[in-house]
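The letter at position 2 of the sequence shown is residue 2 when you use full-length UniProt numbering, and the numbering goes up by one with no holes.
Positions of the beta carbon are idealized from the N, C-alpha and C atoms, including for glycine.
Inspection log for the structure reproduced underneath, given as structure tokens.
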Amino acid sequence: MAAAEQLDTSVEYEIRYFEQGKMHCMRVIAESKKVAYQYYLECGKHNSDLYSIRPDK
């Protein structure tokens with residue numbers, strides 16, 4: 001019996017946010033949008049500066 005291949009379910013998320021009056025973008029590889037958002041916060045960013053996290057899945 002062959003071992004089941006583990007699939008990578010990570011997605012690249014584009015996080016757009018404002019910092020010092022300019023829009024910035026970071027790309028995060030994460031399992032979900034929630035995990036990508038948590039990473040954004042852990043980087044010292046603020047929810048009030050967040051513009052979008054894409055894709056919207």
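Alpha-carbon spacing of residue i relative to residue j, whole angstroms
i: S48; j: L41; result: 11 Å
i: F18; j: H24; result: 6 Å
i: Y13; j: E31; result: 10 Å
i: A36; j: G21; result: 23 Å
i: G44; j: Q38; result: 10 Å
Cβ neighbour criterion (16 or more within 10 Å) applied to residue i
i: I29; result: exposed
Distance between beta carbons of residue j and residue i, contact taken as under 8 Å
i: Y51; j: R27; result: With 8 Å as the limit, Y51 and R27 do not qualify as a contact, their Cβ atoms being about 14 Å apart.
Residue i vs residue j beta-carbon contact at 7 Å
i: K34; j: I53; result: no
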